[in-house]
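Data block below; observations after.
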Amino acid sequence: MVTNASSAMQHPLCHGSESSALLQFKQSFLIDEDASDDPSAYPKVSTWKSHGEGEESDCCSWDGVECDKETGHVIGLHLASSCLYGSINSSNTLFSLVHLSTLDLSDNDFNYSVVPHKVGQLSRLRSLNLSGSKFSGQIPSELLALSKLVFLDLSRNPMLELQKPGLRNLVQNLTHLKTLHLNLVNISSTIPHVLANLSSLTSLLLRGCGLYGEFPMNIFRLPSLQLLSVRYNPGLTGYLPEFQETSPLKMLFLAGTSFSGELPASIGRLVSLTVLDLDSCKFTGMIPSSLSHLTQLSILDLSFNLFTGQISQSLTSLSSSLSILNLGGNNLHGPIPQMCTNPSSLRMIDLSENQFQGQIPISLANCTMLEQLVLGNNQIHDIFPFWLGALPQLQVLILRSNRFHGAIGSWHTNFRFPKLRIIDLSDNEFIGDLPSVYLQNWDAMKLADANHLKVMQANQTFQSPGYTQTFKYIYSMTMTNKGMQRFYQEIPDTFIAIDFSGNNFKGQIPTSIGNLKGLHLLNLGRNNITGHIPSSLMNLTQMESLDLSQNKLSGEIPWQLTRMTFLAFFNVSNNHLTGPIPQGKQFATFPNTSFDGNPGLCGSPLSRACGSSEASPSTPSSSKQGSTSEFDWKFVLMGYGSGLVIGVSIGYCLTSWKHKWFVKTFGKRQRKWTRNERRGT
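In case it helps, our numbering puts the sequence shown at residues 4 to 684.
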């Protein structure tokens, strides 16, 4: 008895009024799995029970509830990703918990409620996280009275506004802030100079806030600032300062702004820097060799600026720490420097859309972790780099629009490209037959896994006391799809594509290509390919875009291609094809232009009718289908119905993940970063 009493004195039970307030808070919401995005979300409040419900009635033991060990008062609510759905207002009993110092309601769905003004009653709050929880309207002025706040995250609430009061008022009142995250909050103002007075600030995230005007340079010099992001504020201008050796900056994100000028040589003093993302700005001049001093740098993205000159050989020393090197879309020239001369961490290299000349350095064969190599749209003059086939992790190889030449050949079969699933050799000067032995050995293209939803990415973690953020750098690429050059904002692990168009390949299409059952895109257009279209293509059941145009193909279009029920784009124009066009299913959705330039073709959609001896073929009757006909017809009809919609719209939405992905990737260049965050205890 004495022991129990002693234990109770050490860990007092929570106060009845606070327990009651929590239960009423719970009852004001529904539990809905769709209310949280985090895959690990679960309803923490489901453990909250009153004394008569057969569960622990001490609220201090409830999931997500933190109590003061001496007083028993509730001082923390950690309800991130708790599947809460419903509106919240100032009458909610939450605001009677006046001893709260930590309130985390992130990643729930509050149905676009206005942030209640009674949040100002929680005067002891040091940490407030409402990110990604569907709040809307103007942030109340009462929130600015929470003068003890050191952590404030209102990000990812795009309907939320910080205008009256604005950012200046917030900064002037919350002077103890160490973390200020307002990503996607509508601020629509300049950045106040007083922000540079927050001497304790370690993390500042202002992505996509509608900021404009010149960025105050003194913010770069904040003595504790480790993480700075003002990405995707195109009206925001500014220059990089002369950096000091004492700067603690670890991550700098300026992508999608109008920052300009040259990179100062002093950027090499940021020795703690792990991420430098200056994508799509207006920086000019040469890339300073002092970047080679940044030995902790993991991600370097200087793409789509106005950089000129050659890449300093000294930068290649970073390959031991770098995982991402993206210099695409500049005016760089000269030879590609030797890379991976030492053990390398490089996973993605993008040097596309520059003016690089010469050959691909064979030192890239040492980049054993490389997953994506993008060298398209340069002036590289070389033969096919067959030796890249020894790289065990290489999945994406883009060599489009260069001066590669010669036959690809089949004699280098020890270099098998074991994980290759996307290859683009379009618009070069390759000759000879299509590489049939390679096509037989590309095993990663033989897998058809339509349920795998991961995308290619690299992760970088930022840690501060009690808080961890994982930034995901999403790989991207440009390929031709449906006759148009398209920017792929992200690359699902299941996307498989071959583009050999715009070369001088000859000979026949190998029947072995029908074994690459995971193919979504095949483009062999604008070559000198002869022979018939192999019926083995019918095995490519995941195919969505097939372009065989502008060749010298002859014979009939195999009726078996009607089995490609995901096919949304089909082009065999300008060949020597004859006979009837297959009818039904996906073929009912293709326009005349898919078949133009083949005088011997007949049947719908062409106006040229077929004679009685050449009636348009269709799928064999059910009597020839055997016992599987019922299943096959259900599948075909489902594909045909969906394909009809696809054919007249964007073309990629037969499954939900395809729809969401292709809608995003076929848009303009957008963000390549996502962020996951986790509060510590």
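Idealized CB from N, CA, C, for every residue including glycine.
- The continuous beta strand (DSSP E) containing Y491 extends over residues M487 to Y491.
- Of A410, S39 and L354, the smallest CA-CA separation from I383 is found for L354.
- In the DSSP assignment, I34 forms a beta bridge with L87.
- Under the DSSP assignment, N526 falls in the beta strand (DSSP E) whose first and last residues are L524 to N526.
- In the three-state reduction of the DSSP assignment, Q360 falls in the strand class.
- With contacts defined by Cβ atoms closer than 7 angstroms, S269 and F246 form a contacting pair.
- Here the C-alpha atom of H535 lies approximately 42 angstroms from the C-alpha atom of L330.
- Taking C-alpha positions only, L106 is separated from V118 by approximately 13 angstroms.
- Look at Y242 here: in three-state DSSP terms it is coil, with no helix or strand label.
- The beta carbon of S84 is closer than 8 angstroms to those of S39, D40, D41, S43, A44, Y45, S109, D110 and N111 in its chain, skipping five residues each way along the sequence.
- Listed in chain order, the non-local C-beta contacts of L149 below 6 angstroms within the same chain comprise L128, local neighbours out to five positions each way being set aside.
- In this model, F98 and K121 are separated by some 6 angstroms (Cα to Cα).
- Taking one beta carbon from each stretch, the stretch 178-195 and the stretch 151-163 have 3 or more pairs nearer than 8 angstroms; the two touch.
- Counting along the chain, no alpha helix (DSSP H) covers V118, and no H or E run does either.
- Counting only the Cα atoms, S548 lies some 7 angstroms from N484.
- Taken atom to atom, the span from the alpha-carbon of C343 to that of T74 is near 59 angstroms.
- Runs of the beta strand (DSSP E) lying entirely within the stretch 165-244 and spanning at least 3 residues, in chain order: 182-184, 206-208, 215-217, 230-232 and 238-241.
- Secondary structure within the stretch 383-430: the beta strand (DSSP E) runs of 3 or more consecutive residues, fully enclosed, are 399-401, 408-410 and 425-427 (chain order).
- Put simply, the backbone Cα of Q553 is about 45 angstroms away from that of G238.
- Counting along the chain, N329 sits inside the beta strand (DSSP E) bounded by residues I327 to N329.
- If you ignore the 5 residues before and after P395, its C-beta comes within less than 8 angstroms of the C-beta of T371, P421 and K422, all in its own chain and listed in chain order.
- Straight-line measurement puts the Cα of Y491 at about 18 angstroms from the Cα of L397.
- Per DSSP, Q443 is one residue of the alpha helix (DSSP H) stretching across S439 to N444.
- A distance below 7 angstroms separates the beta carbons of I411 and F387.
- The three-state secondary structure of T277, taken from DSSP, is coil.
- Within a 10 Å sphere around the beta-carbon of N417 sit fewer than 16 other beta-carbons, which makes this residue exposed.
- Short of 8 angstroms from the beta carbon of R234, and not among the five residues preceding or following it, lie these beta carbons of its own chain, in chain order: R210, G211, F256, L257, A258, G259, T260, D280, R674 and W676.
- Closest option to I426, judged by alpha-carbon separation, among I499, S295 and I327: I499.
- Taking 7 angstroms as the cut-off, the Cβ atoms of S227 and K253 do not count as close.
- Inclusion of F307 and D282 in the CB contact set at 7 angstroms is warranted, their separation being smaller than that value.
- A buried status is given to D304, since no fewer than 16 other beta-carbon atoms sit within 10 Å of its beta-carbon.
- In the three-state scheme derived from DSSP, where H, G and I count as helix and E and B as strand, V575 is classed as coil.
- Just so you know, the alpha carbons of L428 and T533 end up roughly 19 angstroms apart.
- Taking P346 as reference, the option from S323, A199 and L519 with the minimal CA-CA separation is S323.
- Fewer than three Cβ pairs drawn from the stretch 521-531 and the stretch 455-464 lie within less than 8 angstroms of each other, which leaves the two stretches out of contact.
- Scanning G19, L321 and H18 for the CA closest to the CA of S301 turns up L321.
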